[in-house]
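J.:
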Amino acid sequence: HSPFIAGPPITHPAQFFGRQRELRRIFNLFRQIPLQNAAILGPRRSGKTSFLYYLKQITQTNQNELRPDQLAHHTALPPNLNWVLVDFQDPRLGTQQGLLRYLLEQLSLPVPEPCDLPAFLDVMTDHPLSPTIILLDEIGVALARYPELDDAFWESLRSLATTMLQGRLGFVLTSPQPPEQLAQHSGMGSPFFNIFGYSAVLGPFTEDEARQLIASSPIPFPEEDIAWILAESGRWPFLVQILCRERLLALAEGETGPEWREEARQQIARFRDNFQ
258 HSPFIAGPPI THPAQFFGRQ RELRRIFNLF RQIPLQNAAI LGPRRSGKTS FLYYLKQITQ
318 TNQNELRPDQ LAHHTALPPN LNWVLVDFQD PRLGTQQGLL RYLLEQLSLP VPEPCDLPAF
378 LDVMTDHPLS PTIILLDEIG VALARYPELD DAFWESLRSL ATTMLQGRLG FVLTSPQPPE
438 QLAQHSGMGS PFFNIFGYSA VLGPFTEDEA RQLIASSPIP FPEEDIAWIL AESGRWPFLV
498 QILCRERLLA LAEGETGPEW REEARQQIAR FRDNFQ
């Protein structure tokens, strides 16, 4: 099977490459109470969702399932840290009841009936909670599409994080734009979007990171192809994945000429504008 994945998010840490500096910084925010909050920014297809999956999964993955070169930034985290991933592309999480119920279920806490905001806050504050990070993927979708997730809702989450739970709750969100800008565009005044004191922008890979990804091919690529892939992709991981997939297919089919490059160029053509 091809190790190169372009399109769906990468969900297993062993297939995740790069972003070491950002991972180090983020894990540092969660080493002690109070937990801090982070925003992961970058254009579409820059790997934001894959980054969240890595945060969530790496703490539950055995070292022997990882690549030998993968660094263990997460080992100093509190051992009982909970991770909850909220994907706002899922419309079931677009109502207050749907989202609050989901959060309680993920944390193995009792779900009240009705599961409205006051009842949710009661459950969260009445039960001992291990340190918890809530990962909010595509926060812009929530602000644009889900009117029930209003100022009062975000204010309540802010209160939970800053005062009610004594710093045992942190948030990481993903967005193409800084959260305070998003909130302004949506007409939101909520101070929730001002608690994100650290932001990481996911840009192109470094050359070393891109080369590590390319080197994961089960059939080694010639150096001239590696140089071409680095130049043609601008080292954006999504484009590197597509070009590597095409090169590997051609090699597996015994093609030794340069014809694969034209096909590979066509495959990435429609995504290039995304990364200008």
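The sequence shown runs 258 to 533 under my numbering.
In this text, a Cβ means the ideal position worked out from N, Cα and C, and glycines have one as well.
1. In the DSSP assignment, find the unbroken alpha helix (DSSP H) run with A507 in it and report its ends.
2. Which first and last residues belong to the alpha helix (DSSP H) in which F377 is found?
3. Could you tell me which whole beta strand (DSSP E) segments of length 3 or greater appear in the stretch 455-484?
4. Taking all protein chains shown into account, do 16 or more other C-beta atoms lie within 10 angstroms of the C-beta of I471, making it buried, or fewer, making it exposed?
5. CA-CA distance, T318 and L309?
6. By how many angstroms is the C-alpha of A467 removed from the C-alpha of E279?
7. Give the secondary structure of D530 by DSSP, where H, G and I count as helix, E and B as strand, and everything else as coil.
8. Are three or more beta carbon pairs between the stretch 336-356 and the stretch 321-328 nearer than 8 Å?
9. Return the Cβ separation of R301 and P433 in integer angstroms, given the expectation that the two are a contact with Cβ distance under 8 Å.
10. Less than 8 Å between C-beta atoms, sequence neighbours within five positions excluded: which residues of the same chain meet that for P371?
11. Where I315 and Q272 are concerned, what is the direct C-alpha to C-alpha distance, given to the nearest angstrom?
12. Considering L430, what are the terminal residues of the beta strand (DSSP E) in which it resides?
13. Hey, quick one: how far does the alpha helix (DSSP H) through L357 stretch, first residue to last?
14. Among F274, F261, L292, P266, which residue has its Cα nearest to the Cα of Y455?
15. Would a C-beta distance cut-off of 7 Å place L459 and G351 closer than the cut-off?
16. Based on Cα-Cα distance, which residue from S387, E412, S307, I267 lies nearest to F287?
T.: Let's see:
1. As a position in the sequence shown, residue 507 is number 250, starting the count at 1. That run of the alpha helix (DSSP H) goes 494-509.
2. Position 120 of the sequence shown holds residue 377. F377 -> alpha helix (DSSP H) spans 374-383.
3. 455-458
4. Indexing the sequence shown from 1 puts residue 471 at position 214. Classification for I471: buried.
5. Taking the first residue of the sequence shown as position 1, residue 318 is located at position 61. Taking the first residue of the sequence shown as position 1, residue 309 is located at position 52. Answer to the nearest angstrom: the Cα atoms are 14 Å apart.
6. If you number the sequence shown from 1, residue 279 lands on position 22. If you number the sequence shown from 1, residue 467 lands on position 210. C-alpha separation (whole angstroms): 16 Å.
7. Translated into the one-based positions of the sequence shown, residue 530 becomes position 273. Helix.
8. Of all C-beta pairs linking the stretch 336-356 to the stretch 321-328, fewer than three are shorter than 8 Å, placing the two stretches out of contact.
9. Numbered from its first residue, the sequence shown carries residue 301 at position 44. Numbered from its first residue, the sequence shown carries residue 433 at position 176. Sure, about 7 Å apart at Cβ, within 8 Å.
10. Here residue 371 is taken as the residue at index 114 of the sequence shown, counted from 1. If we look at P371 and ignore the five residues flanking it on each side, its Cβ neighbours are Q354.
11. Against the sequence shown, residue 315 aligns to sequence position 58. Against the sequence shown, residue 272 aligns to sequence position 15. Computed Cα separation, rounded: 11 Å.
12. Here residue 430 corresponds to residue number 173 of the sequence shown, with the count starting at 1. Start and end: 426-432.
13. Here residue 357 corresponds to residue number 100 of the sequence shown, with the count starting at 1. Unbroken alpha helix (DSSP H) run through L357: 353-363.
14. Translated into positions along the sequence shown, residue 455 becomes position 198. Per the Cα distances, L292.
15. The residue labelled residue 459 in the question sits at position 202 within the sequence shown. The residue labelled residue 351 in the question sits at position 94 within the sequence shown. No; because the gap between Cβ atoms is not below 7 Å, this pair is not in contact.
16. The residue labelled residue 287 in the question sits at position 30 within the sequence shown. Nearest option by C-alpha distance: S387.
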